[in-house]
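So for the sequence shown, the numbering used here puts the first residue at 9; every next one is plus one.
Before any comments, here is the structure.
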Amino acid sequence: MSKHDCLFCKILNGDIPADIVYESPTAVAFRDINPQAPTHVLIIPRKHISTINDIEVADHAIVGSLYDAARDIAKKEGFSGEGYRAVMNCNKAAGQTVFHIHLHLLGGRQFTWPPG
Ligand code: AMP
Ligand code: ZN
């Protein structure tokens, strides 16, 4: 899928509305429309990268910035100390449905391991 028909690129462009909670030069975060926890935020790079498999060495600072966002949002939402989950799905077996990488930040409840 090209970035031109990517749902998350459309959110970045403002073509599709989203509840944006965080913005940096390299990353944007917005609330998931189908939340799986009291807080469920998707943190995405401004650069279109389809899957984890497509991350290049030159993208390391961008990908690192997704974790900076997770840390800052978790603090703001009040569950830094209690704990939270930050997860990125890759391709079909993991259930990836939007092919623009996104870090799911989930917090505000107890999680179990292993995940389903
Ligand atoms: P994944 O299955 O890891 O690809 O996650 C995709 C996520 O995007 C799911 O949790 C969806 O609920 C979420 N999602 C899909 N469309 C939107 C949208 N327009 N705004 C916010 N979240 C969305
Ligand atoms: Zn995209």
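Cβ atoms here follow ideal geometry from the backbone N, Cα and C, with glycine treated the same way.
Hey, residue i and residue j are a contact pair by Cβ (cut 8 Å); roughly how many whole angstroms apart?
i	j	result
Leu50	Ala37	7 Å
Thr73	Thr34	Correcting the residue type first, residue 73 is Ser in the shown sequence and not Thr. Right, the Cβ-Cβ distance comes to about 4 Å (below 8 Å), so this counts as a contact.
His108	Phe16	4 Å
Gly124	Phe87	Contact flag wrong, Cβ pair sits at about 22 Å.
Ala77	Tyr30	5 Å
Asn61	Cys98	7 Å
Use the C-beta contact count for residue i: other C-beta atoms within 10 angstroms, 16 or more gives buried, fewer gives exposed.
i	result
Ile81	buried
His110	buried
Thr47	buried
Just to confirm my understanding: we take residue i, look at its own chain, exclude 5 residues before and 5 after, and list those with CB closer than 7 Å. What are they?
i	result
Arg93	Leu114, Phe119
Ile63	Ile57, Val71
Lys18	Ile24
Excluding the five sequence neighbours on either side, which residues of its own chain have a C-beta within less than 8 Å of the C-beta of residue i, listed in chain order?
i	result
Leu136	Limits of the chain in this structure are 9 at one end and 124 at the other, which puts residue 136 out of reach.
Ala69	Thr34
So who's on the other strand from residue i, going by DSSP bridges?
i	result
His48	Leu114
Arg93	Leu114
Checklist entry - Just the residues with CB closer than 6 Å to a heavy atom of the ligand ZN, in chain order, which are they? => result Lys11, Cys14, Phe16, Cys17, His56, His108
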